[in-house]
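Numbered by our numbering, the letters in the sequence shown go through residues 103 to 414 in order. For each residue, glycine too, the CB sits at the ideal point set by N, CA and C. Fair warning: this is a prediction, and the values are worked out from it, not measured in the lab.
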Amino acid sequence: MATTIIRPKSREEWLEARKSGIGSSEVATIVGLNPWETPYQLWRRKVGLDEPKKESFAMKAGHYLEDAVSRFWADETGKEVIKRSATDWIIRDNDRPYLQVSPDRTYWLGESRSPEAKGILECKTTQMAVDADDLPKYWFCQVQYQLGVAGYTQGSLAWLCSGREFGYRDLKLVPEFYEYLVAKVERFYTDCIIGGQEPETVCVADVMLKYSRHTGGKVVETSDEVFEAYQSLRGVRKELDALAERKEELEATIKMAFGDAEALSYGGETIATWKAPKPSRKFDSKAFTEAYPELADEFSTTTQGARRFLLK
103 MATTIIRPKS
113 REEWLEARKS
123 GIGSSEVATI
133 VGLNPWETPY
143 QLWRRKVGLD
153 EPKKESFAMK
163 AGHYLEDAVS
173 RFWADETGKE
183 VIKRSATDWI
193 IRDNDRPYLQ
203 VSPDRTYWLG
213 ESRSPEAKGI
223 LECKTTQMAV
233 DADDLPKYWF
243 CQVQYQLGVA
253 GYTQGSLAWL
263 CSGREFGYRD
273 LKLVPEFYEY
283 LVAKVERFYT
293 DCIIGGQEPE
303 TVCVADVMLK
313 YSRHTGGKVV
323 ETSDEVFEAY
333 QSLRGVRKEL
343 DALAERKEEL
353 EATIKMAFGD
363 AEALSYGGET
373 IATWKAPKPS
383 RKFDSKAFTE
393 AYPELADEFS
403 TTTQGARRFL
413 LK
């Protein structure tokens, strides 16, 4: 399998080039293993219905800390990270250009410096605990896709947890799994990106994106499964109402014991506090509107609220 290496002149050019294909960070979404994004949400971004993801602080921090993670990894393994790989670059499949990856780093497997003697290093920073024997599935997908597209057989996944704990796991390409990923990516790209076929909505967030407003007067006859969920939800709500009432009763009993004290203790240990916050200034929009109605109207905007769910 032949590939082309693309080295954009700037990060902005690199981000633009990535839009043309399916990168390794998107593969887990396509196969349903990304807990933060669905295929429908990815499709909307890829076809331009939604804006590209804005780089969050966590994303920026992860990018900046790639070098630190790679250095920890090099210290731990004794392997040499290839310096030129520490830039924004793309490896693209020549026959299927939509298969493309942007490895965080590459490294030399041993003494040889031949092109095929390289591995891929994926660098992660996270707040969650990571078990090297039970890696997050979306991380594993990402590395397997990178290895397969790049034509490499070995890689390593390294992570820094909360800036306090470092770990890594060497991984080998699993050809059968890579072919499975490619088949899913090819179908998604061909059917959904090129063909315009919408992926199924699989969660409420998907439905809210697709149908942000209701169709007036439209009624849908639902299934037995949904009706059973409706009945169960009514029961759960009654239980919650009873718990909320009991909660208020218990809080009232405790608050009555305070008087003007700021804390309650039991056995010398503080068990509760009840203090007023410091005074704060708030903008009185109602008074402003009454005093300056024309000015208030000039600076008012109309916004569409979200659909409201009511149980009858």
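In this structure, DSSP gives A365 an extended state, which the three-state scheme calls strand. The distance from the Cβ of Y247 to that of V171 is about 19 Å, inconsistent with a contact at the 8 Å cut-off. For the pair A354 and L366, the CB atoms are not nearer than the 8 Å cut-off.
Comparing alpha-carbon positions, the option among R315, E327, T189 lying closest to Q406 turns out to be R315. For the 8 Å CB-CB criterion, L275 and L259 do not form a contact. Within the model, the alpha-carbon separation for L151 versus T372 is close to 54 Å. Beta-bridge partners of R410 (DSSP): none assigned. Non-local beta-carbon contacts of G257 in its own chain, meaning distances under 6 Å to residues more than five positions away in sequence, involve G221, I222, V245, L249, L273 in chain order. Taken in chain order, the unbroken stretches of beta strand (DSSP E) that lie wholly in the stretch 240 to 302 and span 3 residues or more are 256 to 263, 267 to 274. By the criterion of a C-beta distance shorter than 8 Å, V309 is surrounded in its chain by T303, once the five residues flanking it on both sides are discounted.
For A163, the three-state secondary structure derived from DSSP is helix. In this model, E300 and K181 are separated by some 45 Å (Cα to Cα). Secondary structure note for T372: its beta strand (DSSP E) is the uninterrupted segment 371 to 375. Counting C-beta pairs closer than 8 Å gives fewer than three between the stretch 285 to 292 and the stretch 232 to 243, which falls short of the contact rule. Restricting attention to P141, G253, G123, R147, the CA atom closest to the CA of T105 is found in G253.
Sequence-distant partners of S187 (beyond 5 residues in either direction) whose C-beta falls short of 7 Å from its own C-beta, in its chain, are P205, R207, T208. Beta bridge pairing from DSSP links E224 with L259. In the DSSP assignment, the residues bridged to Y209 are V183, G221. Per DSSP, T105 is one residue of the beta strand (DSSP E) stretching across 105 to 108. Rounded to whole angstroms, R194 and E118 show a C-alpha spacing of 14 Å.
C-alpha of K286 to C-alpha of Q143: approximately 16 Å in a straight line.
By DSSP's assignment, D236 forms a beta bridge with D233. Per DSSP, R194 lies in no alpha helix (DSSP H); the unbroken beta strand (DSSP E) holding it starts and ends at 192 to 195.
Under the three-state reduction of DSSP, L201 is assigned to strand. A distance below 7 Å between beta-carbons, with the five flanking residues on each side excluded, links A219 to the following residues of its chain, in chain order: W210, L211, G212. By the criterion of a C-beta distance shorter than 6 Å, A176 is surrounded in its chain by V183, once the five residues flanking it on both sides are discounted.
By the C-beta density criterion, K388 is exposed, having fewer than 16 other C-beta atoms within 10 angstroms. DSSP lists L201 as the beta-bridge partner residues of I124. Per DSSP, reduced to three states, the secondary structure at T405 is coil, with no helix or strand assignment.
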